[in-house]
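Read left to right, the sequence shown gives residues 283 to 781 (the numbering used here).
Using N, Cα and C, we set each Cβ at its ideal position, and we do this for glycine too.
Working notes, structure below.
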Amino acid sequence: METGKKYQFWFCTGSQDLYGDECLKKVAEHSAKIVEGLNAGGKLPYEVVWKPTLISQASIRKTLNEANGDELCAGVITWMHTFSPAKMWIIGLQEYRKPLCHLHTQFNEEIPYDEIDMDFMNENQSAHGDREYGHIVSRMGIERKIIVGHWANPSLQEKLGSWMRTAVGVMESSHLRICRLGDNMNNVAVTEGDKVEAQIKFGWEIDHYNINDAVEYVQAVPKGEVDARVEEYYGSYRLITDGRDEKAFREAVAVQAAIEIGFEKFLEDGNYHAVVTHFGMLGGLRQLPGLAIQRLMEKGYGFGAEGDWKTAGMVRLMKIMTAGITGAKGTSFLEDYTYNLVPGKEGILQAHMLEVCPTIAEGEISIRVNPLTMGNREDPARLIFTAKEGRGVATSLVDLGNRFRLIINEVMCKKAEKPMPKLPVATAFWTPEPNLETGAAAWIMAGGAHHTAFSYDLSVEQMCDWADAMGIESVVIDKDTDLRSFKNELRWNSIYFRG
C-alpha cells in the first residue's frame with residue numbers, strides 16, 4: 283500500500299521592479315540559496331523547488347495555477363524578499379487551491395550594523411513586504427500557515443517540515459477512497475455521519491459493498507499463497523497456542539492469511555485506501571477479520587470498526603502524514619474500553635476486539651486464537667502486544683449535524699501496572715491530558731467518540747492545521763484545558779461554524 287508520493291513544495295518569492303534589475307538579481311540569488319539551504323538542512327520530509335521571482339499579477343497568477351495543476355506539488359511556500367504590492371496577488375490567490383505557507387523570514391540573520399545603508403534597506407525589507415502580503419491574505423480570508431524566523435535555524439526548518447506533513451495530509455484527503463464492507467452498527471450514533479458532506483468537505487469517496495463481494499476474493503486466494511503467508515506469520519511472531527492442536531491452530535491462522543490477501547486484492551482493484559467492517563455483517567467469512575486487518579493497517583490502510591468510516595479515514599491520513607519519519611512509533615485505530623480510577627494511577631485501557639495496528643507495539647508480538655462472542659463465527663486469530671510508552675495524540679472526527687468537529691487530545695501512554703494474561707487482545711494504556719477527570723469530561727462534552735485515530739508521531743499543532751485547512755472546527759484537550767473555558771469555547775465555536 284503506497285503511503286506517500288514524492289511530493290514537492292514550490293518556493294515563490296515576491297518582489298517588484300521598483301528597485302532595478304540589480305536588486306532583482308540579488309533577490310533571485312538569495313531565494314535560490316534559501317531553497318538550497320532548506321533542502322540541505324535534513325529537517326524537511328519533502329523537496330523544496332525554487333521558482334523565479336514573482337513581480338507581476340500575470341506571473342503570480344500563472345505560477346499559482348501551474349501549482350494547482352502539478353500533481354506532485356503539495357503546497358506553495360511564499361516569501362516577500364522586498365515589498366511586493368499585494369493587489370498583484372489577489373487573482374492568483376483567489377484561484378489557488380492547495381495548502382499555503384507564509385514563510386516570514388529574511389536572507390540575513392543579523393543586521394549588518396557597520397555596513398547597513400539605504401540600498402541594503404530597500405533590498406532587504408521582508409519585515410515590510412511580508413506585512414503587505416499578509417494583509418491581503420487575511421483580508422481575503424485565506425487559510426495559511428505562518429512560520430516566523432531565520433530560514434537557516436533548525437527549529438524553523440522543523441516547523442516547516444511539520445507543516446509539510448500536514449499539507450500532504452490535506453492533499454491526500456482529496457484522493458481518499460474508503461470501502462465500507464457492511465454498514466454502521468445498528469442504532470449507534472457517533473460512528474454515523476453525513477457521507478455527502480464528508481465528500482464536499484474532505485474530498486473522501488465513501489463507497490459501500492456487500493461483504494460477500496470481498497469474500498469472493500478471499501475464497502479465490504490460491505492455497506500456495508495462503509501457505510506462504512502463514513509461513514511469513516510463523517517466522518515473524520511468537521505463537522501462543524493455549525494448548526490447541528497445532529494443526530487446528532495453523533488452520534485458524536490460515537483463515538486470516540486468506541482474508542488479508544483477498545481483502546488487499548479487493549482494495550487494490552478498487553483503489554481504496556481505507557476499509558471498515560462490521561461484526562454483524564460477515565457473510566461467507568469464516569472468522570471476523572482480525573490479524574488480517576492488523577496487517578493491512580501496518581501496510582498503511584486506514585481502518586474503522588463497526589462501520590466507522592470517519593475514523594478509518596483519519597487513520598489513513600495520519601499514516602500518510604507520518605510516512606518516512608525516522609524512528610516512527612506508530613499510528614493506529616483504538617477504542618476506549620475501561621478505566622483505572624485508583625488515585626494516582628488513573629488511565630484508560632485502549633484496545634479493540636481484534637483490530638489494533640502492530641506499528642504501535644512495544645517488544646514481542648504474538649498470535650493467539652481465541653473465542654469471540656461477537657460475529658457468530660470461528661475463533662479468530664489476532665496479534666497480541668502492548669503499546670509503547672510515550673506521548674501521543676488521540677483524535678476523534680465527529681459529525682454534529684451542521685458541521686464536523688475534530689477533537690484532539692494529548693495523551694501519555696504508560697506501561698500497564700500489571701500483566702493481563704486473560705485478555706487476548708492488543709492493548710494500550712494512557713492518561714489523557716491534563717488528567718483523567720478533566721480530559722474525559724472535556725472529551726464527552728465535545729461529543730467525542732469511543733473510537734480514536736491515534737499516533738505517537740504527530741502533534742496537536744499538525745492536527746489543528748489539518749482541520750483549519752479543511753475548514754472545520756477543532757478543539758484541543760491538553761495540559762492547559764480548563765473545563766469552564768472549554769465549555770465556553772464550544773459555545774463560541776457553535777456560533778462561528780454555523781455562520
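Item to complete: Assign residue 606 to one of two classes, buried (16 or more other C-beta atoms within 10 Å of its C-beta) or exposed (fewer than that).
Response: Against the sequence shown, residue 606 aligns to sequence position 324. Exposed.
Worksheet item: Taking the continuous beta strand (DSSP E) assigned at residue 756, which residues delimit it?
Response: Along the sequence shown, one-based indexing puts residue 756 at 474. 755–759 is the span of the beta strand (DSSP E), which, as asked, contains residue 756.
Discussion item. Out of 594, 442 and 772, which one is the CA nearest neighbour of residue 317?
Written reply: Stepping through the sequence shown from its first residue, residue 317 is reached at position 35. Closest option to residue 317, Cα to Cα, is 442.
Worksheet item: So, helix, strand or coil for residue 408, using DSSP?
Response: Sequence index remark: in the sequence shown, residue 408 carries index 126 (1-based). Helix at residue 408.
Item to complete: Within the segment 531–598, note down every full beta strand (DSSP E) run reaching 3 residues or more, in order along the chain.
Response: 556–558 and 584–586
Practice prompt. Would you mind stating whether residue 665 and residue 642 have Cβ atoms separated by less than 8 Å?
Written response: In the sequence shown, counting from the first residue as 1, residue 665 sits at position 383. In the sequence shown, counting from the first residue as 1, residue 642 sits at position 360. Cβ distance not < 8 Å, so residue 665 and residue 642 don't count as in contact.
Worksheet item: DSSP beta-bridge partners for residue 615?
Response: Position 333 of the sequence shown, counting from 1, holds the residue named residue 615. In the DSSP output, where bridge partners are listed per residue, residue 615 has 735.
Discussion item. Distance check for residue 751 and residue 465, CA to CA, integer angstroms please.
Written reply: Here residue 465 refers to the residue found at position 183 when the sequence shown is read from its first residue. Here residue 751 refers to the residue found at position 469 when the sequence shown is read from its first residue. C-alpha separation (whole angstroms): 29 Å.
Worksheet item: What's the call for residue 449, buried or exposed, on a 16-neighbour Cβ count within 10 Å?
Response: To locate residue 449, count along the sequence shown from 1; it is residue 167. Buried.
Item to complete: Check whether the segment 518–527 touches the segment 426–435, taking contact to mean three or more Cβ pairs, one atom from each stretch, closer than 8 Å.
Response: no
Practice prompt. Taking all protein chains shown into account, decide if residue 555 is buried (16 or more other Cβ within 10 angstroms of its Cβ) or exposed.
Written response: Mapped onto the sequence shown, residue 555 falls at position 273. Result: buried.
Worksheet item: Where DSSP assigns a beta bridge to residue 633, which residues make up the other side?
Response: As a working note, residue 633 is residue 351 in the sequence shown. Residue 633 pairs with 617.
Worksheet item: Under a three-way DSSP split, which group does residue 722 fall into?
Response: Within the sequence shown, the letter at position 440 stands for residue 722. DSSP places residue 722 in helix when its eight states are reduced to three.
Fill in: Endpoints, the beta strand (DSSP E) within which residue 625 is located
Translated into positions along the sequence shown, residue 625 becomes position 343. Element bounds for residue 625: n/a, residue is neither H nor E.
Worksheet item: Quick one: Cα of residue 672 to Cα of residue 711, how far?
Response: The residue you call residue 672 lines up with position 390 of the sequence shown. The residue you call residue 711 lines up with position 429 of the sequence shown. If you draw a straight line from the Cα of residue 672 to the Cα of residue 711, it is about 10 Å long.
Worksheet entry | the segment 469–487 in contact with the segment 579–597 per 3-pair CB rule at 8 Å | These segments touch.
Worksheet item: From which residue to which residue does the beta strand (DSSP E) around residue 654 run?
Response: One-based indexing of the sequence shown puts residue 654 at position 372. No beta strand (DSSP E) contains residue 654, which DSSP labels as neither H nor E.
Item to complete: Could you name each continuous alpha helix (DSSP H) segment of 4 residues or more that falls completely within the segment 448–489, going from the start of the chain to the end?
Response: 477–484
Worksheet item: At which residue ranges does the segment 381–439 contain complete alpha helix (DSSP H) runs of 4 or more residues, listed in the order of the chain?
Response: 400–405 and 408–421
Worksheet item: Under three-state DSSP, which class holds residue 639?
Response: Reading the sequence shown from its first residue, position 357 is the one you call residue 639. In the structure shown, residue 639 sits in coil (DSSP, three-state: anything other than H, G, I, E or B).
Practice prompt. Please check the pair residue 742 and residue 675, which I expect to be a contact at CB under 8 Å, by giving their CB distance rounded to whole angstroms.
Written response: Working through the sequence shown from its first residue, we reach residue 742 at position 460. Working through the sequence shown from its first residue, we reach residue 675 at position 393. At roughly 6 Å, the Cβ-Cβ gap stays under 8 Å, so residue 742 and residue 675 are in contact.
Worksheet item: What is the rounded straight-line gap between the Cα of residue 409 and the Cα of residue 387?
Response: Residue mapping note: residue 409 aligns to position 127 of the sequence shown, counting from 1. Residue mapping note: residue 387 aligns to position 105 of the sequence shown, counting from 1. Rounded to whole angstroms, residue 409 to residue 387 spans 8 Å at the Cα level.
Item to complete: Name the one or two DSSP bridge partners that residue 691 has.
Response: On the sequence shown, position 409 is the one that residue 691 refers to. DSSP links residue 691 through a beta bridge to 676 and 759.
Practice prompt. Taking the CB atoms as reference points, tell me whether residue 729 and residue 691 lie closer together than 8 Å.
Written response: As a first step, residue 729 must be located in the sequence shown, where it is residue number 447. As a first step, residue 691 must be located in the sequence shown, where it is residue number 409. Contact: no.
Fill in: Reference residue 368, options 413, 401 and 595, closest by Cα
Start at 1 with the first residue of the sequence shown, and residue 368 comes out as number 86. If we check each option's Cα against that of residue 368, 413 comes out closest.
Worksheet item: So, is the C-beta of residue 729 closer than 8 Å to a C-beta in chain C?
Response: Protein chains in the displayed structure number just one, and chain C is not present.
Practice prompt. Consult DSSP for residue 681 and reduce its assignment to one of helix, strand or coil.
Written response: Counting from one through the sequence shown, the residue named residue 681 turns up at place 399. Correct three-state label for residue 681: strand.
Discussion item. For the segment 555–571 against the segment 459–476, do three or more pairs of beta-carbon atoms, one drawn from each stretch, fall closer than 8 Å, so that the two count as touching?
Written reply: The segment 555–571 and the segment 459–476 touch, with no fewer than 3 CB-CB distances between them shorter than 8 Å.
Worksheet item: Is it buried or exposed for residue 538, if we count other Cβ within 10 angstroms and need 16 for buried?
Response: Mapped onto the sequence shown, residue 538 falls at position 256. Buried, because 16 or more other Cβ atoms sit within 10 Å of the Cβ of residue 538.
Worksheet item: Which one or two residues does DSSP pair with residue 714 in a beta bridge?
Response: Locating residue 714 in the sequence shown gives position 432, counting from the first residue. In DSSP, residue 714 forms a bridge with 693.
Discussion item. Buried or exposed for residue 324, going by 16 or more other Cβ atoms inside 10 Å?
Written reply: As a working mapping, residue 324 is identified with position 42 in the sequence shown. By the 10 Å Cβ count, residue 324 comes out exposed.
Worksheet item: Which residues does DSSP pair with residue 296 in a beta bridge?
Response: For the purposes of this step, residue 296 is taken as residue 14 along the sequence shown, with counting starting at 1. DSSP output for residue 296 lists 336 and 362 as bridge partner(s).
Practice prompt. Could you have a look at residue 328 and say whether DSSP puts it in helix, strand or coil?
Written response: In the sequence shown, counting from the first residue as 1, residue 328 sits at position 46. The three-state reading of DSSP puts residue 328 in coil, since its state is none of H, G, I, E or B.
Fill in: Cβ-based burial, residue 437 [other Cβ within 10 Å; buried from 16]
Here residue 437 refers to the residue found at position 155 of the sequence shown. Classification of residue 437: exposed, given that the 10 Å Cβ count is below 16.
Fill in: Range of the contiguous alpha helix (DSSP H) that encloses residue 526
Counting from one through the sequence shown, the residue named residue 526 turns up at place 244. Premise fails: residue 526 is in no alpha helix (DSSP H) and is neither H nor E.
Discussion item. Closer than 8 Å is the cut-off here; do at least three beta carbon pairs connect the segment 755–769 with the segment 607–619?
Written reply: no
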